[in-house]
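With the first letter of the sequence shown counted as 1, position 371 gets the number 371 in the UniProt record's numbering; the numbers rise by one all the way through.
C-beta: ideal position from N, C-alpha, C; glycine also.
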Amino acid sequence: ADQRWFSVMGEIAELRKKMKKAKEEWKANKDDTKLRKKFKKLKKALKAAKEAKVKGKVSEGGAGSVAAEGKKTEKKSNKKRKTSDSATPVLAASQKPQKKKQKTKKISKNGTPNGSSSATKSSASDAEIKAFRQEHKIKLEGADLDHKPFLSFSDLNFPSKYKSAIKSFKNPTPIQAEAWPIALRGRDIIGIAATGSGKTLGFTLPCLPKIAHIKLGRSMRERGPLMLVLSPTRELAMQTQEVAVQVCAGCGLRSVCVIGGGNKWKMATEFKQGYHILVATPGRLQGFIREGEISLGKVIYAVLDEADRMLDEGFGPSVREIMSQVSVNRQTLLFSATWPQEVKKLGLELVRKPVIIFIGDRGEKLVANKRVTQTIEVIDEGMRDDRLHALLKKYHNGKNRVIVFCLYKKEAARVESMLRRRKWKCQSIHGNKSQPERTAALGRFKEGSEPLLVATDVAARGLDVDDVEVVLNYAFPLTVEDYVHRIGRTGRAGKSGISHTFFTKNNKALSGELIQVLNQAGAPVPKDLLAFGTGVKRKKHPMYGDHYRHDDRPMPKATRIVFD
């Protein structure tokens, strides 16, 4: 198809040159009827070539195929247009050839051209679907009565060129199985699923029928992307971009990534080349929109990835401003690891009559991946360096991928220096590193040339690397939610993983919530951790906390004191 496309484009360029030359000869000799007929013949051939380019009716025959196509279209054009060969040459010369605008195929609600439906039906029986949903604790709200998940990739009736990104997987993940058929029907989706559940491919693949048939051209460059993906962090945006490039590789689509800290001039240059998909962080995207570099008026497919993290980072107003510039006829997909009140409010504002998919817990509480073996070690801060060295000897063989998480930037730099002194080959990513340095370090980690990575929470989300076997938490994060996202870097794509976490007395305020996460995942709770208490502190006000017990133990009876 690509060879035929370039062949036609070459023919069009050649015909334009010949037509220009014939027009100049005709102007020099206006009385010559042969030159006039030659010019008209070339004009018809050029029109036929343009129609062949749009309709795809090009064979391998080269210029002869265009001429043959011209003969077919000539009969049709004669019925619609009256051409008078008896017109004076002067009048004919004054009529300049006008370029006809190409009409874009109408996009239907389900995203396919001319209202056709992409026939994709699940082959699973009702019993199989029931067992599948019970196994993964899947609940749906607002779904159609005849909705069935895709339990096999064979149910996804796409051409093979679209399936290059799923060749390495055996079956769809739960969120993919439920989201794909709903998205292909054109329905809005809110997906609540744990980290590492395959959400990125879950929202990237269904967009292909909506935009694959639209070719890049001048109008595409002027009107901006057809698909928009908003990500909370640079690392997550880059990971989404990698998946998008992999998905688009076989179907001739272009994806552009816009993140803070990158080369702004280089990003603006990529816009001029035309693009279908835009992956962006809210801050940098707002800047390009205000400068007039990007227009979102023609976006038909919008995705909010990790919506809870975006709100945590304070991007709520930016997201609302960006989405207000997207077409109201868009299809919106919102994905989140949790389902708190803030995310519900955002979903009600931006998503219309959605199907809500819950994978596992309903999302009010954060649930750790049960495929990750969790170990909590209560330890003194001064002993962490030696203990980390011992754990690396146990878990790291120099080839397998291991991530060591720290809390602060300076702490990550110190731990990296300490490990290098102890002859460990490692690298780090944190906020004091420039974006090119972080990208290069992440690339070496993914390639396996330096498989030991020291990172802050900047990499806790968005770091989707295959075969991360072990996560070591050198310092416990500020929230248990961040802890769950840290250990979610391992045990991805159906594989198992290991996490080992240092917990000090300075973290005792988080012990109750951590114990709940361990109990929900069926992980062992050490006695030293129970000694810190099982109560959970919940804050309802930014300055004054609302304290209450959050466990199933009976409240102790009040002690009656009698005064003399």
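- Under the three-state reduction of DSSP, F532 is assigned to coil, being neither helix nor strand.
- Straight through space, the alpha carbons of E381 and I277 are spaced by roughly 47 Å.
- In the structure shown, T332 falls within a strand segment according to DSSP collapsed to helix, strand and coil.
- Assignment of A302 by DSSP, reduced to helix, strand and coil, places it in the strand class.
- A contact is defined here as three or more CB-CB pairs under 8 Å, and the segment 128-147 fails this definition with respect to the segment 333-346.
- Below 8 Å, enough C-beta pairs join the segment 475-495 and the segment 183-198 to call them touching: three or more.
- In the three-state DSSP reduction, H147 falls in the coil class, being neither helix nor strand.
- It is roughly 20 Å from the alpha-carbon of S324 to the alpha-carbon of D312.
- CA-to-CA, the gap between P206 and A183 works out to about 6 Å.
- Taking one beta carbon from each stretch, the segment 301-311 and the segment 256-263 have fewer than 3 pairs nearer than 8 Å; the two do not touch.
- Close CB contacts of F476 within its chain, under the 6 Å cut and outside five residues either way in sequence, are with F503, N507 (chain order).
- Inter-segment contact for the segment 166-181 and the segment 144-152 is present: three or more beta-carbon pairs are separated by less than 8 Å.
- In this structure, V468 keeps its C-beta atom at 8 Å or more from the C-beta atom of G431.
- G316 sits in a helix when the DSSP states are folded into three classes.
- The three-state secondary structure of H389, taken from DSSP, is helix.
- Inter-segment contact for the segment 274-290 and the segment 242-260 is present: three or more beta-carbon pairs are separated by less than 8 Å.
- Classified as exposed, P317 has fewer than 16 neighbouring CB atoms from the shown chains inside 10 Å of its CB.
- Around the beta-carbon of M383, fewer than 16 other beta-carbon atoms lie within 10 Å, marking it exposed.
- When DSSP states are grouped into helix, strand and coil, I379 belongs to the coil group.
- Inclusion of V279 and C257 in the CB contact set at 8 Å is warranted, their separation being smaller than that value.
- With contacts defined by Cβ atoms closer than 8 Å, F315 and P282 form a contacting pair.
- DSSP lists A455, N473 as the beta-bridge partner residues of F405.
- Just so you know, the alpha carbons of L388 and K446 end up roughly 22 Å apart.
- Residue state for G491 is assigned as coil, using DSSP reduced to three classes.
- Distance from the CA of V243 to the CA of K37, rounded to the nearest whole angstrom, comes to 53 Å.
- Of the residues K47, Q435, L304, L510, the one whose Cα lies closest to the Cα of G535 is L510.
- Here R330 is buried: its Cβ has 16 or more other Cβ atoms, across all protein chains shown, within 10 Å.
- Within its own chain, the residues whose Cβ lies closer than 6 Å to the Cβ of T501, once the five positions on either side in sequence are excluded, are I376, N473, listed in chain order.
- Around the Cβ of Q341, a 10 Å sphere holds fewer than 16 other Cβ atoms; the residue is exposed.
- Counted as a single uninterrupted DSSP element, the alpha helix (DSSP H) harbouring V517 occupies residues 511-521.
- Per the C-alpha coordinates, the member of Q241, G224, R234, E235 positioned closest to F203 is Q241.
- A check of alpha carbon separations from S327 across V351, R421, K137 identifies V351 as the nearest.
- Distance between L529 and F405, taken at the CA atoms: about 20 Å.
- W339 places its beta carbon 8 Å or farther from that of I211.
- Linking T269 to E293 through their CA atoms gives a straight-line distance of about 10 Å.
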